[in-house]
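See structure below.
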Amino acid sequence: MTDPVRVGLVGVGIIAETHLAVLAERDDVALEFTVDSRPVGPVEFRGATPPHYRDLTQALDAHRPDLVVLTTPTETHAELTVLALLQSTARVLVEKPLVHDLASLAGLRELDGKADIRGRVFTAHHFAFSPEVDWAAELLAANPDWGPVTAITSAFYDPYVLRGPEAFASYVSSWMDSGVNQLSMLTRFVELTELTSAQQADGGASAWCTVGFRSRGEAGSARLRSSWLTGSSSKESSLVLGRSGVEIWIDHTAMTGFAARGGELLAVFGNDGRTPRKVAHYRPLYASLLSDRPDPVLGFDAAATITAIHRAVPEGR
1372 MTDPVRVGLV
1382 GVGIIAETHL
1392 AVLAERDDVA
1402 LEFTVDSRPV
1412 GPVEFRGATP
1422 PHYRDLTQAL
1432 DAHRPDLVVL
1442 TTPTETHAEL
1452 TVLALLQSTA
1462 RVLVEKPLVH
1472 DLASLAGLRE
1482 LDGKADIRGR
1492 VFTAHHFAFS
1502 PEVDWAAELL
1512 AANPDWGPVT
1522 AITSAFYDPY
1532 VLRGPEAFAS
1542 YVSSWMDSGV
1552 NQLSMLTRFV
1562 ELTELTSAQQ
1572 ADGGASAWCT
1582 VGFRSRGEAG
1592 SARLRSSWLT
1602 GSSSKESSLV
1612 LGRSGVEIWI
1622 DHTAMTGFAA
1632 RGGELLAVFG
1642 NDGRTPRKVA
1652 HYRPLYASLL
1662 SDRPDPVLGF
1672 DAAATITAIH
1682 RAVPEGR
């Protein structure tokens, strides 16, 4: 029997709760320590309380983790990633987005000669692992005769308008929050190339962006809408394969999907309704990360491409 993967968790806020729930299900991991600079107490994990620190350096002086998971505010990601890379041999899983600006991305790239960036740095693009996204990606791969994806439309709505200024303090803007999820999800289907247009409105509460991509050697365009001006959450995407007339519709809120050509229903996807949406994202994410060949969407190059497009949009406020 192999030794469990020793995990250090940095940041024990709301986002960390899903990570902890999924990690607790896995027999092949052990929570070695937790870290949080805020005055919060240690967390319970499988009935025990791992050592808790206020500083990552102190934790790395006392432990030798195999994996460091960062679930801290985005502006801290770059500094903590560098620290983990240089003061340990652990791999680093960073909650999305990887960094908060392009300068931080450039700083990580400069470490390429000192640390194995591509072999050790991963980003938790959890939306790319949602069951309906996985189903659609497998459906496309199984039907090459349908031809390339020629157009994509994705609309993500969250009821954050009800939170007022708190929403902007927590999520910055609808594009900052939803855009990275939309872009990472699209990497399961196409090769993203560039941001082609961007418009933010409602003081940053809404956005409309278009992104170029390539699919099976042909160019296409994705239209991405995000907004907080709603009373409930709704997230949907559609993929058009213009050559064959096939359309794939996926509902990210319900985790369902279907494919059709004209009036013909080609394929459907549903679920038993028992698994919470975030858990349904992070279970396969960790399964991939801890496998011998993590999915490329977790890798540094994917995060760099997504960050370059995501951060190319001017701030809307």
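So for the sequence shown, the working numbering puts the first residue at 1372; every next one is plus one.
Note that the Cβ used here is the ideal one computed from N, Cα and C, for glycine as well.
Beta-carbon gap between residue i and residue j smaller than 8 Å
{"i": "residue 1581", "j": "residue 1568", "result": "yes"}
{"i": "residue 1695", "j": "residue 1442", "result": "In the structure as shown, the chain starts at 1372 and stops at 1688, and residue 1695 therefore has no counterpart that could be examined."}
{"i": "residue 1577", "j": "residue 1597", "result": "yes"}
{"i": "residue 1613", "j": "residue 1622", "result": "no"}
{"i": "residue 1386", "j": "residue 1446", "result": "no"}
{"i": "residue 1599", "j": "residue 1538", "result": "yes"}
{"i": "residue 1468", "j": "residue 1551", "result": "yes"}
{"i": "residue 1608", "j": "residue 1523", "result": "yes"}
{"i": "residue 1496", "j": "residue 1555", "result": "yes"}
{"i": "residue 1478", "j": "residue 1449", "result": "yes"}
{"i": "residue 1431", "j": "residue 1464", "result": "no"}
{"i": "residue 1395", "j": "residue 1377", "result": "no"}
{"i": "residue 1530", "j": "residue 1602", "result": "yes"}
{"i": "residue 1610", "j": "residue 1504", "result": "no"}
{"i": "residue 1389", "j": "residue 1653", "result": "yes"}
Residue from the options whose Cα sits closest to the Cα of residue i
{"i": "residue 1411", "options": "1629, 1422, 1577, 1603", "result": "1422"}
{"i": "residue 1403", "options": "1572, 1646, 1375, 1647", "result": "1375"}
{"i": "residue 1493", "options": "1670, 1575, 1645, 1510", "result": "1670"}
{"i": "residue 1393", "options": "1681, 1668, 1651", "result": "1651"}
{"i": "residue 1695", "options": "1373, 1384, 1407, 1406", "result": "In the structure displayed, the chain extends from 1372 to 1688; residue 1695 sits before or after that span and is not available."}
{"i": "residue 1436", "options": "1380, 1419, 1425", "result": "1380"}
{"i": "residue 1491", "options": "1504, 1459, 1521", "result": "1459"}
{"i": "residue 1656", "options": "1440, 1570, 1635", "result": "1440"}
{"i": "residue 1518", "options": "1503, 1464, 1619", "result": "1619"}
{"i": "residue 1461", "options": "1427, 1475, 1474", "result": "1427"}
{"i": "residue 1682", "options": "1611, 1476, 1541, 1488", "result": "1476"}
{"i": "residue 1626", "options": "1636, 1563, 1514, 1640", "result": "1640"}
{"i": "residue 1532", "options": "1514, 1545, 1585", "result": "1545"}
{"i": "residue 1668", "options": "1501, 1611, 1424", "result": "1501"}
{"i": "residue 1561", "options": "1547, 1541, 1499", "result": "1499"}
{"i": "residue 1433", "options": "1388, 1405, 1579, 1514", "result": "1405"}
{"i": "residue 1512", "options": "1429, 1415, 1586, 1391", "result": "1586"}
{"i": "residue 1642", "options": "1658, 1659, 1420, 1624", "result": "1624"}
{"i": "residue 1590", "options": "1570, 1579, 1563, 1571", "result": "1563"}
{"i": "residue 1409", "options": "1424, 1583, 1659, 1644", "result": "1424"}
{"i": "residue 1457", "options": "1486, 1666, 1516, 1658", "result": "1486"}
{"i": "residue 1528", "options": "1665, 1444, 1548, 1661", "result": "1548"}
{"i": "residue 1429", "options": "1416, 1407, 1414, 1384", "result": "1407"}
{"i": "residue 1570", "options": "1420, 1414, 1684", "result": "1684"}
Inter-residue CB distance, residue i and residue j (contact presumed, cutoff 8 Å)
{"i": "residue 1632", "j": "residue 1617", "result": "5 Å"}
{"i": "residue 1565", "j": "residue 1488", "result": "Contact flag wrong, Cβ pair sits at about 23 Å."}
Problem set entry | Contained beta strand (DSSP E) runs [length at least 3] in the segment 1559-1608, N- to C-terminal order | 1562-1572, 1577-1586, 1589-1598
Exercise. Hey, is the segment 1502-1516 in contact with the segment 1673-1682, meaning 3+ C-beta pairs nearer than 8 Å?
Worked result: no
Exercise. Can you find at least 3 beta carbon pairs, one from the segment 1468-1483 and one from the segment 1444-1459, that sit closer than 8 Å?
Worked result: yes
For this session: Please go through the segment 1474-1520 and give each complete alpha helix (DSSP H) segment of 4 or more residues, from N-terminal end onward.
Result: 1488-1491, 1502-1513
For this session: Quick one: which unbroken alpha helix (DSSP H) runs of 4-plus residues sit fully inside the segment 1437-1470? Chain order, please.
Result: 1448-1458
Exercise. Which full runs of the beta strand (DSSP E) of 3+ residues lie inside the segment 1522-1554, going along the chain?
Worked result: 1522-1528
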